[in-house]
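Numbering (this note's numbering), first residue to last: 1 to 291. Note that the Cβ used here is the ideal one computed from N, Cα and C, for glycine as well. Bear in mind the structure is a predicted one, so any value in this text is a computation, not a measurement.
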């Protein structure tokens with residue numbers, strides 16, 4: 001049974017009460033366009049293509065069906081689920097998990113108590129702060145800083161235009177980009193062709209796959225590994241070892257416990273290490289100093 005409450009705008013559909021269903025909360029459905037603010041006790045659903053030109057709050061979760069939109073600020077005590085091409089044109093505050101469908105968009109700063117999962121080609125035009133993990137699908141982007149208590153994962157061609165701070169690992173898939181500094185309390189792994197235009201700091205290891213590039217300094221509490229044709233355009237410091245594959249390059253000073261450099265690798269700076277294992281064809285434009 002569904003009760004329909006007639007108002008000028010919008011149309012609200014309330015689910016049956018607790019006594020009829022055993023449910024502890026009501027659910028509100030917005031089925032027509034409105035320019036009013038919406039405040040829902042319990043869960044809220046905005047139907048496909050519906051436009052809300054006002055603020056939206058819910059004590060439960062919010063579901064935005066495909067191509068629905070909210071012009072004002074959004075706040076939910078529960079999850080926020082945005083289906084394909086749903087849009088929020090302001091800040092979003094989520095008390096649970098944030099899930100964004102393909103080509104969905106948030107034009108404002110976003111906070112989530114739970115995890116954040118971004119679908120293909122989805123966008124957040126503002127800072128993203130989450131107390132859990134961030135997962136970015138192919139071609140998704142964040143135009144701002146990303147702060148997460150757990151891991152941050154960028155899929156192929158994903159982009160972050162700002163600094164990244166993670167309480168765990170940070171991983172960049174093929175051809176993904178971060179235009180800012182990366183700070184990880186775990187390890188940082190960069191797949192083929194990925195790039196960071198800034199400094200990279202990790203409590204664990206830093207791994208650059210073929211053609212990956214750091215345009216800044218790299219500092220690791222563990223090891224640093226550079227695959228073929230990868231590059232660090234700055235200084236490199238590792239508490240453990242630094243291993244350089246063929247044709248890799250470091251444009252700056254290098255300091256670690258052990259350095260292993262293969263044929264054709266280049267170090268444009270001083271090398272300071274307790275142990276050196278360097279191929280005769282390795283190029284070092286600076287002093288080689290044993291600790």
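Is residue 120 buried or exposed, if buried means 16 or more other CB atoms sit within 10 Å of its CB? buried
Looking only at its chain, what residues have a beta carbon closer than 8 angstroms to the beta carbon of residue 253, apart from the 5 residues adjacent to it on each side? 235, 236, 269, 270, 271, 272 and 286
Between residue 153 and residue 135, is the Cβ-Cβ spacing less than 7 angstroms? yes
DSSP beta-bridge partners for residue 207? 189 and 225
Measuring straight from C-alpha to C-alpha, what distance separates residue 23 and residue 41? For residue 23, the predicted structure reports a pLDDT of 43, less than 50, and the residue's modelled location is therefore unreliable. The matter cannot be settled from this model.
Selection from 112, 108, 194 and 100 that minimises the alpha carbon distance to residue 94: 112
Status (buried if at least 16 other CB within 10 Å, exposed otherwise) for residue 279: exposed
Quick check on this structure: which residue in 73, 83 and 39 has the alpha carbon closest to the alpha carbon of residue 58? 39
Indicate whether residue 247 and residue 228 have their beta-carbon atoms separated by less than 7 angstroms. yes
Could you give the DSSP three-state label for residue 50: helix, strand or coil? coil
Hey, quick one: how far does the beta strand (DSSP E) through residue 121 stretch, first residue to last? No beta strand (DSSP E) contains residue 121, which DSSP labels as neither H nor E.
Three-state class that DSSP yields for residue 45 in the structure shown: strand
What whole-angstrom Cβ distance do residue 191 and residue 174 have, given they're in contact under 8 angstroms? 5 angstroms
Using 8 angstroms for Cβ pairs, my map puts residue 222 next to residue 211. What's the rounded Cβ distance? Going by Cβ atoms, the distance from residue 222 to residue 211 rounds to 22 angstroms, so no, they are not a contact pair.
Same chain, Cβ closer than 6 angstroms to residue 255, neighbours up to 5 away in sequence not counted: 237 and 272
Determine which residues share a DSSP beta bridge with residue 291 and list them. In DSSP, residue 291 forms no bridge with anything.
Looking only at C-alpha atoms, which of 98, 233, 84 and 69 sits nearest to residue 129? 98
What residues in its chain sit with their C-beta under 6 angstroms from that of residue 276, if we drop five residues either side in the sequence? 259
Let's test the definition: count the other Cβ atoms within 10 Å of the Cβ of residue 27 and tell me whether it reaches 16, buried, or not, exposed. buried
Kindly list the residues whose CB is nearer than 6 angstroms to the CB of residue 82, restricted to its own chain and excluding five residues on each side of it in sequence; keep chain order. 64, 100, 101 and 104
Out of 168, 193 and 157, which one is the CA nearest neighbour of residue 204? 168
Local conformation of residue 183 per DSSP, three classes: strand
So what does DSSP say about residue 28, is it helix, strand or coil? strand
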